[in-house]
Amino acid sequence: MEVMPLYTLDELDRKILDILQADGRASHVQIARQLGVGHTRVRDRILRMEQVGVIRGYRAEIDPTVLGWDVLCIVQMTTDQQQDFDRLVEDILAIDEVVEVTNVTGEVDAHVRVWARDVAHLREILYNKLSVLPAHKSTNSTIVLKRWTKPLNLVQDEAVSADEG
2 MEVMPLYTLD
12 ELDRKILDIL
22 QADGRASHVQ
32 IARQLGVGHT
42 RVRDRILRME
52 QVGVIRGYRA
62 EIDPTVLGWD
72 VLCIVQMTTD
82 QQQDFDRLVE
92 DILAIDEVVE
102 VTNVTGEVDA
112 HVRVWARDVA
122 HLREILYNKL
132 SVLPAHKSTN
142 STIVLKRWTK
152 PLNLVQDEAV
162 SADEG
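Below, the structure written as structure tokens:
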């Protein structure tokens, strides 16, 4: 059974999103010039994508390592199934050093991304903040040595889908 998306992007939407993912500060006029369309058309598309939740916001991308936060850790957490998982997530997100919690399938229940200044700081977070939470059962921690990221390529994704059809 195929799942229908809540919002369907056309080629112009994808190209606008591609530009915004590369430069979230690009103006409607700059985007319009790059795409060869009117700026009001770009503005209307962006407003519509904001209204339906495709675009959830515009944020500054901060590099924690420049600010002295040198350790990124992925904590795999097993939880007490008798406890309220949503409450646990709220408690985890209340920890300043936590930047993301994901509920996952498999042998663990959650992955928690944590930034720390150094290994001693990470130890403090693991032992004094995460492991004391009521629903916590066990953790397995992995320190990230290097990471690579890229935005979701919506333009290429559709081109591949069109070729397959």
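Per our numbering, residue 2 is the first one in the sequence shown, and the count goes up by one each step.
In this text, a Cβ means the ideal position worked out from N, Cα and C, and glycines have one as well.
| Unbroken alpha helix (DSSP H) run spanning Val120, endpoints | Val120 to Ile126
| query | Gln83: beta carbon under 7 Å from a heavy atom of the ligand NAP? | reply | Within the structure as shown, the ligand NAP is missing, as the structure has no ligands at all.
| task | Tell me whether Arg46 is buried or exposed, calling it buried when 16 or more other Cβ atoms sit within 10 Å of its Cβ. | result | buried
| Spatial neighbours of Arg26 in its chain, beta-carbon cut-off 8 Å, leaving aside the 5 residues before and after | Tyr59
| said: Just verifying my parser: in three-state terms, what is the DSSP assignment at Asn154? | reply: coil
| query | Ordered along the chain, which non-local residues of its own chain (more than five positions away) have a Cβ less than 7 Å from that of Ile20? | reply | Ala27, Ile32 and Gln35
| Nearest-angstrom Cα distance between Asn141 and Val76? | 6 Å
| In its own chain, which residues sit with a C-beta less than 7 Å from the C-beta of Trp70, not counting the 5 before and 5 after it? | Trp116, Ala117 and Arg118
| Applying the criterion that 16 or more other CB atoms from any shown protein chain within 10 Å of the CB defines a buried residue, is Asp14 buried or exposed? | buried
| said: In whole angstroms, give me the CA-to-CA distance for Gln98 and Ile144. | reply: According to the sequence shown, residue 98 is Glu rather than Gln. Their backbone Cα atoms lie some 14 Å apart in a straight line.
| C-alpha distance - Glu101 paired with Val43, whole-angstrom precision | 32 Å
| message | Using the Cβ count rule (16 or more neighbours within 10 Å means buried), how would you classify Lys16? | response | Around the beta carbon of Lys16, a 10 Å sphere encloses 16 or more other beta carbons of the protein chains shown; the residue is thus reported as buried.
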